[in-house]
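**Q** Before I ask anything, let me first share the structure, which is written out below as structure tokens.
Protein chains in written order, with the numbering used here: chain A, 3 to 152; chain B, 2 to 211.
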């Protein structure tokens with residue numbers, strides 16, 4: 003993690019306590035996860051307790067304290083996707099990548115996470131990779147989708 | 002001043018004052034576990050629930066966080082309030098049924114057992130230690146981590162804190178005697194518990210420590 007880049011992020015949000023969540027979002031966007039050192043620096047520079055930053059970072063599901071792969075595969079297990087077989091899609095994805103939910107593949111390509119609804123239940127079951135949505139997923143389509151990412 | 006009605010009695014109270022304060026000022030017993038005048042109210046334990054009618058609607062509200070407003074009608078003894086408090090305390094009893102303070106409050110509300118599975122937790126997540134550490138000690142060595150059923154108290158990054166000064170404010174405020182200073186601090190604490198369970202400080206009151 004680059005301390006100067008992080009300082010740039012903090013400057014963008016005026017080093018304000020009210021901007022800490024936005025800082026965490028920016029940091030996560032750059033590093034794909036939240037390094038502990040980064041959390042420490044934010045607490046120090048913004049002037050709030052480290053325990054507060056840690057509390058925020060662990061409260062929101064979208065933040066990760068563990069390194070994430072280059073691409074984030076979210077398999078929706080919300081009600082609609084669950085009913086239409088999201089669980090089977092999850093099984094297929096984790097089996098194909100050989101890594102359990104929440105873990106990064108050894109080659110650093112993917113992290114797989116379950117998600118509770120991405121807001122397009124009409125497309126169930128849904129998988130998102132980074133910012134791209136794949137609706138009407140089947141086990142057969144999984145390999146084809148994953149192949150698009152390096 | 003605002004005119005409000007409490008259990009049918011017309012009273013005057015300062016506009017914006019926490020309702021709980023007014024109720025207790027009137028001598029009404031309101032159970033609480035997460036409340037302490039020394040820190041800001043938080044609304045965690047939900048035991049101070051009362052029924053508030055404002056206009057045509059009535060709702061259950063945590064009185065510790067409800068600001069007094071002109072014309073509200075408050076009921077502290079309605080069936081709805083009693084049922085809600087009993088449910089809340091039953092859930093607390095399921096979470097930490099071994100904590101004497103929780104058992105005592107439950108008993109006062111006529112609840113002796115919980116229909117829910119026993120969790121035997123030491124901490125009821127009232128947040129008094131968190132608020133005390135931040136607002137009284139001005140330190141902020143502990144805070145909540147995670148959320149929902151996974152929520153727990155932790156120092157930053159889950160490791161013993163460098164920030165903790167060992168003032169034991171958290172120990173004093175905890176209604177469940179769940180806070181262990183040696184689990185929070187990275188250095189040995191200047192505070193010692195004496196046999197009576199009181200916290201003694203070796204720094205501020207050296208003569209107090211044998």
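Note that beta-carbon positions come from the ideal geometry of N, C-alpha and C, so glycine has one too.
Could you name the residues of chain A that residue 148(B) contacts, counting a contact when the two beta carbons are closer than 7 Å?
**A** 61
**Q** DSSP state of residue 109(B), grouped into three classes?
**A** Three-state result, residue 109(B): helix.
**Q** Given that a residue counts as buried once 16 or more other Cβ atoms are within 10 Å of its Cβ, and exposed if not, what is residue 94(A)?
**A** buried
**Q** Can you list the residues of chain B that residue 57(A) reaches, using a CB-CB cut of under 7 Å?
**A** 144, 145, 146
**Q** Is the Cβ of residue 157(B) closer than 7 Å to any Cβ of chain A?
**A** yes
**Q** In chain A, which residues lie with their C-beta within 8 Å of the C-beta of residue 164(B)?
**A** Those within 8 Å of residue 164(B) in chain A are 51, 52, 53.
**Q** Kindly list, in the order they appear in chain B, the residues whose Cβ is closer than 7 Å to that of residue 38(A).
**A** Contact note: residue 38(A) reaches chain B through 158, using a C-beta cutoff of 7 Å and chain order.
**Q** Would residue 56(B) count as contacting chain E if we go by Cβ distances under 7 Å?
**A** Although the question refers to chain E, the structure presented lacks it and instead comprises the protein chains A and B.
**Q** Give the secondary structure of residue 175(B) by DSSP, where H, G and I count as helix, E and B as strand, and everything else as coil.
**A** Coil.
**Q** Going by other Cβ atoms of all chains shown within 10 Å of its Cβ, with 16 needed for buried, is residue 52(A) buried or exposed?
**A** Counting every other CB atom within 10 Å of its CB across the protein chains shown gives residue 52(A) a total of 16 or more, marking it as buried.
**Q** Count the CB pairs spanning the stretch 70 to 87 of chain A and the stretch 148 to 166 of chain B that are closer than 8 Å, and state whether there are at least three.
**A** no
**Q** Could you check if residue 102(A) is buried or exposed, using at least 16 other CB atoms within 10 Å of its CB as the buried criterion?
**A** exposed
**Q** Just to confirm, are residue 110(B) and residue 87(B) a CB contact at a threshold of 7 Å?
**A** yes
**Q** Per DSSP, which one or two residues make a beta bridge with residue 60(B)?
**A** 53(B)
**Q** Note the first and the last residue of the continuous beta strand (DSSP E) segment covering residue 93(A).
**A** Note, residue 93(A): premise wrong, no beta strand (DSSP E); alpha helix (DSSP H) at 88 to 99.
**Q** Could you tell me which of 122(A), 40(A), 56(A), 112(A) sits nearest to residue 6(A), measuring between CA atoms?
**A** 40(A)
**Q** Name the chain A residues whose beta carbon is nearer than 8 Å to that of residue 167(B)?
**A** Result: empty, since nearest Cβ-Cβ is about 15 Å, beyond 8 Å.
**Q** Just mark residue 54(A) as buried or exposed, buried being the case when its beta carbon has 16 or more other beta carbons within 10 Å.
**A** buried
**Q** Which two residues bound the contiguous beta strand (DSSP E) that contains residue 162(B)?
**A** From DSSP, residue 162(B) is part of no beta strand (DSSP E); its letter is neither H nor E.
**Q** In whole angstroms, give me the CA-to-CA distance for residue 110(A) and residue 22(A).
**A** The straight-line gap from Cα to Cα measures roughly 28 Å.
**Q** Let me check one thing: in DSSP terms, what residues is residue 112(A) bridge-paired to?
**A** Looking at the DSSP output, residue 112(A) sits in a beta bridge with 73(A).
**Q** So, for residue 74(B): in the same chain, excluding its five sequence neighbours on each side, which residues have a beta-carbon less than 6 Å away from its beta-carbon?
**A** Apart from the 5 residues on each side of it in sequence, residue 74(B) sits with its Cβ closer than 6 Å to the Cβ of 6, 54 in its chain, given in chain order.
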